[in-house]
Amino acid sequence: MDTRTIDNKLPVIELEGEVDVYTAPQLKQQMINLLESGAKQMIIDLSKVEYLDSTALGVLIGGLKRMRETDGNMVLVCPSARIRRVFEITGLDKIFDIYNTADEAQEAVGKETG
Amino acid sequence: MTNADSPARVELVIPCKPEFVGVARLAILGVASRMRFSYDEVEDIRLAVGEACTTAVEWAERNGRTDSTITLRSEIANDKLTVDIYDQAGAREDNTKAEDEQETENIGALLITLLVDEIKIEPQAEGTHVRMVKYAGQR
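Protein chains in written order, with our numbering: chain Z, 2 to 115; chain S, 692 to 830.
Right, here's the structure in full:
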């Protein structure tokens with residue numbers, strides 16, 4: 002799991018491999034760290050994720066709720082049809098803003114921040 | 692290949708811990724890949740089995756039973772795959788779950804229901820038995 006920051010306002014968490022009951026706690030910790038450091042916007046990049054389960058979805062929902070409570074937002078980058086399908090069958094594609102590329106996500110978040 | 696008279700069985704026992712759920716997923720991926728399932732259906736089975744094991748692992752953590760095991764028994768009969776998942780994670784009775792834990796478990800249960808054709812969950816003396824059935828060529 003790797004976190005890179007584009008600029009101070011827009012952290013991007015890039016995930017890789019399997020995000021499941023074993024690895025999702027790391028994601029949760031990363032998100033908590035960013036929230037505590039005052040991040041208002043966040044991009045979670047799932048481009049390199051090959052498996053994602055309910056534990057990961059739970060962590061993402063928790064993060065999204067906390068971000069929106071503070072008028073912030075969290076968006077996802079998910080070009081993979083297989084991973085996107087997990088969001089679609091659970092109906093969570095209607096809750097998350099999901100983009101195909103990191104550029105699209107950055108542009109969308111950039112517009113929100115003005 | 693298998694026929695209806697002699698279903699092939701594959702059995703796996705894993706520790707009831709988060710780091711071994713991936714092993715169960717990998718095993719069931721191998722089993723399902725031997726059948727006439729589409730790519731998406733194999734993914735469905737992998738996810739459903741992963742969710743069932745994850746639920747067991749989470750209950751084991753809550754009930755202090757992380758030293759227990761999960762037993763997976765797969766039965767391949769023609770176009771029907773049956774997976775039995777037995778855990779000894781204790782009773783699934785706890786009202787003290789955090790909201791996000793409950794949410795995760797609800798999503799997991801929803802996924803299993805949507806991904807397989809039949810699902811049966813029954814409490815046992817030491818834990819829970821989950822049976823899921825998926826038929827190949829249903830779509």
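Just so you know, even glycine gets a beta-carbon here, dropped at the ideal spot from N, CA and C.
Note that this is a predicted model, so its numbers are computed, not measured.
Any C-beta of chain S under 9 angstroms from that of residue 129 of chain Z: Since the first residue shown for chain Z is 2 and the last is 115, residue 129 of chain Z is missing from the structure and cannot be characterised.
Validate contact between the segment 762-780 of chain S and the segment 697-706 of chain S using beta carbons, cut 8 angstroms, 3 pairs: Using a C-beta cut-off of 8 angstroms, the segment 762-780 of chain S makes contact with the segment 697-706 of chain S, since at least three inter-stretch Cβ pairs fall below that distance.
Chain-ordered residues of the segment 774-808 of chain S with a beta carbon less than 7 angstroms from chain Z: Correct list: 791, 794, 795, 798, 799, 801, 802 and 805.
Under 9 angstroms between C-beta atoms of residue 773 of chain S and residue 823 of chain S: Contact flag set, yes.
Limits of the alpha helix (DSSP H) - the one that residue 45 of chain Z falls within: Element bounds for residue 45 of chain Z: not the alpha helix (DSSP H) but the beta strand (DSSP E), 42-53.
Test item: CB-CB of residue 13 of chain Z and residue 54 of chain Z under 9 angstroms: Cβ distance not < 9 angstroms, so residue 13 of chain Z and residue 54 of chain Z don't count as in contact.
Complete runs of the alpha helix (DSSP H) confined to the segment 787-814 of chain S [at least 4 residues]: Within the segment 787-814 of chain S, the runs of alpha helix (DSSP H) at least 4 residues long that lie entirely inside it are, in chain order, 790-806.
CB contact check: residue 52 of chain Z to chain S, cutoff 9 angstroms: Taking Cβ atoms only, chain S reaches closer than 9 angstroms to residue 52 of chain Z, which makes this a yes.
Interface partners of residue 742 of chain S on chain Z, CB under 8 angstroms: Residues of chain Z passing the Cβ test: 54 and 55.
Neighbour list for residue 19 of chain Z in chain S, Cβ cutoff strictly below 8 angstroms: 713, listed in chain order.
CB contact check: residue 716 of chain S to chain Z, cutoff 9 angstroms: Closer than 9 angstroms: yes.
When Z:82, Z:95, Z:89 and Z:106 are compared against residue 730 of chain S, the one with the closest alpha-carbon: Comparing Cα-Cα distances from residue 730 of chain S to each of Z:82, Z:95, Z:89 and Z:106, the minimum goes to Z:82.
Selection from S:789, S:799, S:792 and S:756 that minimises the alpha carbon distance to residue 782 of chain S: The option with the nearest alpha carbon to residue 782 of chain S is S:756.
Separation of residue 763 of chain S from residue 693 of chain S, as counted between CA atoms: Low local confidence applies: a pLDDT of 48 at residue 693 of chain S is under 50, so the model's placement there is unreliable, with the coordinate-based value given in what follows. Cα to Cα, the separation comes out at about 20 angstroms.
Residue 11 of chain Z: first and last residue of the uninterrupted beta strand (DSSP E) it sits in: Element bounds for residue 11 of chain Z: 11-20.
For residue 16 of chain Z and residue 28 of chain Z, believed in contact at Cβ under 8 angstroms, the rounded distance: In this structure residue 28 of chain Z touches residue 16 of chain Z by the C-beta definition: roughly 7 angstroms separates them, less than 8 angstroms.
CB contact check: residue 102 of chain Z to chain S, cutoff 9 angstroms: No, residue 102 of chain Z lies away from the interface with chain S (no Cβ there is under 9 angstroms from its Cβ).
Strand pairing of residue 778 of chain S, partner residues [DSSP]: Residue 778 of chain S is bridged to S:761.
Residue 702 of chain S: first and last residue of the uninterrupted alpha helix (DSSP H) it sits in: Careful: residue 702 of chain S lies outside any alpha helix (DSSP H), inside the beta strand (DSSP E) at 699-706.
Residue span of the alpha helix (DSSP H) that contains residue 32 of chain Z, given as start and end: Counted as a single uninterrupted DSSP element, the alpha helix (DSSP H) harbouring residue 32 of chain Z occupies residues 25-37.
Cutoff 9 angstroms: residue 14 of chain Z Cβ touching any chain S Cβ: No - not a single Cβ of chain S is within 9 angstroms of the one on residue 14 of chain Z.
Test item: CB-CB of residue 751 of chain S and residue 778 of chain S under 9 angstroms: In contact: residue 751 of chain S and residue 778 of chain S (Cβ atoms closer than 9 angstroms).
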